[in-house]
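**Student:** Under our numbering, think of the first position of the sequence shown as 1, with each following residue one higher.
Each residue gets a CB set at the ideal place from its N, CA and C atoms; glycine is no exception.
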Amino acid sequence: MKQIITAALLLAGTATFAQEWNLDKAHSNLNFAIVHLGINDITGNFGSVTAKVVSSKEDFTDATVELSADVNSINTGNEQRNNHLKSPDFFDAAKYGTLTFKSTSFKKVSGKNYKVTGDLTLHGITKPVTLDVVYNGTITNPQSQKPTAGFKVTGSIKRTDFGIAPSFPAAALSDEVKLTANAEVIKG
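Next up, the structure:
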């Protein structure tokens, strides 16, 4: 009996438990860029974003990611454009007020480079997307004394795949939308 208890304690001591990491909103952003008239990038971001990462491994190779953004928080630096983007011509924020991403895979490619694949729901349409991730490392934040990890996520989607502004020709507004997220997540 003593051997069984000892074995159980050893197994429990070596078990790895998943840890939740939450987005540090003050040090993170979700940005996009789209080409206007074939000559200029118009950039913007979503100001209200929540996200969490769950992983039991220090290198995040088993991570799951969930992200949510309030479409009404879109900001391009121009109020008229922001309101137009919220309209039925684009995001239809009154009807589809939330953008979500739920990962299905988070895999290390090499070194600090990963690929995250998941389901992106935007404008009421869910499609699988794969994005590039650079894991910038983990440190103990000197202010909070909590483990903090940093990631840069990049990729692109086609706006028409999500039914966004299908009547706008690519010559006026590129179909490709570039995505960039810089995220700090805090353990606990």
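#1: So, helix, strand or coil for K108, using DSSP?
#2: Excluding the 5 residues flanking L11 on each side, which residues of the same chain have their C-beta closer than 6 Å to its C-beta?
#3: Using the Cβ count rule (16 or more neighbours within 10 Å means buried), how would you classify V177?
#4: Sorted by chain position, which residues of the same chain lie with C-beta nearer than 7 Å to N154's C-beta, five sequence neighbours on each side aside?
#5: Is it buried or exposed for A171, if we count other Cβ within 10 angstroms and need 16 for buried?
#6: Who are the Cβ neighbours of D161 in its own chain at under 6 Å, not counting the five residues just before and after it?
#7: Who are the near neighbours of H36 in its chain, counting only those whose CB is closer than 7 Å to its CB and skipping five residues on each side?
#8: Does the separation of the CB atoms of N136 and G150 fall below 7 Å?
#9: For S55, count the other beta carbons within 10 Å of its own beta carbon; 16 or more makes it buried, fewer makes it exposed. Which is it?
#10: For E79, would you say it is in contact with chain D, using Cβ-to-Cβ distances shorter than 7 Å as the test?
#11: Locate the beta strand (DSSP E) running through K52, then write down its first and last residues.
#12: Check whether the Cβ atoms of L85 and L122 lie closer than 7 Å to each other.
#13: Report the residue ranges of all beta strand (DSSP E) runs contained in full by the stretch 20-50; include only those spanning at least 3 residues, in chain order.
#14: On a CA-only basis, which of K152, T148 and V129 is nearest K158? Give me that one, please.
**Tutor:** Taking the definition as stated:
#1: Position 108 of the sequence shown, counted from the start, is the residue given in the question as residue 108. It is a strand residue.
#2: By one-based count along the sequence shown, residue 11 stands at place 11. Note on L11: pLDDT 44, under 50, position unreliable in the model; the coordinate value appears next. Exclusion of the five residues before and after L11 leaves no residue of its chain whose Cβ lies closer than 6 Å to its Cβ.
#3: Translated into the one-based positions of the sequence shown, residue 177 becomes position 177. Here V177 is buried: its Cβ has 16 or more other Cβ atoms, across all protein chains shown, within 10 Å.
#4: Stepping through the sequence shown from its first residue, residue 154 is reached at position 154. Note that residue 154 is Thr in the sequence shown, not Asn. Residues L131, D132, L179 and T180 of the same chain have their beta carbon placed closer than 7 Å to that of T154, with the five preceding and five following residues left out of the count.
#5: Within the sequence shown, the letter at position 171 stands for residue 171. The residue in question, A171, is exposed, as its Cβ has fewer than 16 Cβ neighbours within 10 Å.
#6: What you label residue 161 is simply residue 161 of the sequence shown in a count that begins at 1. Non-local C-beta neighbours of D161 in its own chain, meaning closer than 6 Å and more than five positions away in sequence, comprise K127, ordered along the chain.
#7: Along the sequence shown, read from residue 1 onward, the residue named residue 36 stands at position 36. By the criterion of a C-beta distance shorter than 7 Å, H36 is surrounded in its chain by I42 and L173, once the five residues flanking it on both sides are discounted.
#8: Locating residue 136 in the sequence shown gives position 136, counting from the first residue. Locating residue 150 in the sequence shown gives position 150, counting from the first residue. Remark: C-beta atoms of N136 and G150 approach each other more closely than 7 Å.
#9: Indexing the sequence shown from 1 puts residue 55 at position 55. With 16 or more other CB atoms across the displayed protein chains lying within 10 angstroms of its CB, S55 is buried.
#10: Among the chains of the structure shown, chain D does not appear; only one protein chain is present.
#11: Indexing the sequence shown from 1 puts residue 52 at position 52. Start and end: V49 to S55.
#12: Here residue 85 is taken as the residue at index 85 of the sequence shown, counted from 1. Here residue 122 is taken as the residue at index 122 of the sequence shown, counted from 1. Cβ distance not < 7 Å, so L85 and L122 don't count as in contact.
#13: Correct list: 29-36 and 40-46.
#14: In the sequence shown, the residue the question calls residue 158 occupies position 158. Closest by alpha carbon: V129.
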